[in-house]
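Heads up: the sequence shown is residues -18 to -1, 1 to 181, going by mature numbering (1 follows the signal peptide of the UniProt record, and there is no 0). One structure is given here, and the rest of the page talks about it.
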Amino acid sequence: MIFTKPIVLAASAVAALAAPLTANDSPIPGYEIVDIQWSLQAFPGGEYINVTGTVEQVVAQLTKINPDYEKNVLAAANMTRLGADAESGLWHYLYHDCLTWPVAWTRRVWEGIMYLDGHDGVPTMGPGPAACARVSCSWDSAIWWCNDDPVELQLDVWTSVAWGAYIIYRDCRNERDDQTSGQIFYEPNWNVIVRGDTC
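Take a look at the structure:
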């Protein structure tokens, strides 16, 4: 069961194979890296604009057009609901591994989770297997979304990806509690990675 929420943003995302890295060059070993293209409205009711990049890059570009864009995104993020969904097991996952990747800063991962949760729309990625897109990255802390199915992957809302990152954020911290990394696996054959990165 997936809850949707009314917000002033309308978004959809598709995967675009723009000069993809091969599996040998990939920061996710064995996976081809693809870009996510977002189709968004800078203003409520405005025309759709195609933007490629992480959610932070998207927000930065559209905030130049509409200074209130970032504020609207953060207002739409419902972390109270997200946490409740995590506790109730609303979106069931198979398992998750902790601290198996280079660590990311928990504060920056949290910010990425909020940005993703604040966007409506239908996340869509082209067929895998072994395809990943970096959907959030700031201060060397990234969230990746990966498709291991040989068919196109489509989720109901971006909150699905945000929720996976939230589980890692919640359960997989180092002893100082300021860094995290991990990977969470879902059916049918997709996963979310939180890890240190270069950005």
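Just so it is clear, CB atoms sit at the ideal spot from N, CA and C, and this is done for glycine as well. Just so we're clear, the structure is a prediction, and the values are computed from it rather than from any experiment.
Annotation: residue 113 to residue 128 spans about 6 Å, alpha carbon to alpha carbon. Along the length of the segment 99 to 149, whole beta strand (DSSP E) runs at least 3 residues long occupy 104 to 107, 113 to 120 and 123 to 129, reported in chain order. Taking the C-beta atoms as reference points, residue 118 is found nearer than 9 Å to residue 95. The C-beta distance from residue 91 to residue 126 rounds to 12 Å, too long to meet the 8 Å contact threshold. Residue environment for residue 50: exposed (fewer than 16 other C-beta atoms within 10 angstroms of its C-beta). The Cβ-Cβ distance between residue 144 and residue 102 does not fall below 9 Å. Spatial neighbours of residue 121 in its own chain (CB-CB distance under 7 Å, excluding positions within 5 residues in sequence) are listed in chain order as 87 and 90. Between residue 177 and residue 115, the C-beta gap is not smaller than 9 Å, which leaves the two residues out of contact.
If you draw a straight line from the Cα of residue 45 to the Cα of residue 57, it comes to about 14 Å. When DSSP states are grouped into helix, strand and coil, residue 51 belongs to the helix group. Boundaries of the beta strand (DSSP E) harbouring residue 31: 30 to 34, taken from the DSSP string. When the alpha-carbon of residue 138 is set against those of 131, 107, 31 and 39, the nearest one is in 107.
For residue 22, the three-state secondary structure derived from DSSP is strand.
The alpha carbon of residue 75 has as its nearest neighbour, out of 181, 167 and 179, the alpha carbon of 167. Membership of residue 164 in the beta strand (DSSP E) is indicated by the continuous run 164 to 168.
Residue 146 sits away from residue 130, with the two beta carbons spaced by 9 Å or more. Residue 173 is bridged by DSSP to 128 and 167. Bridge partners of residue 87 according to DSSP: 161.
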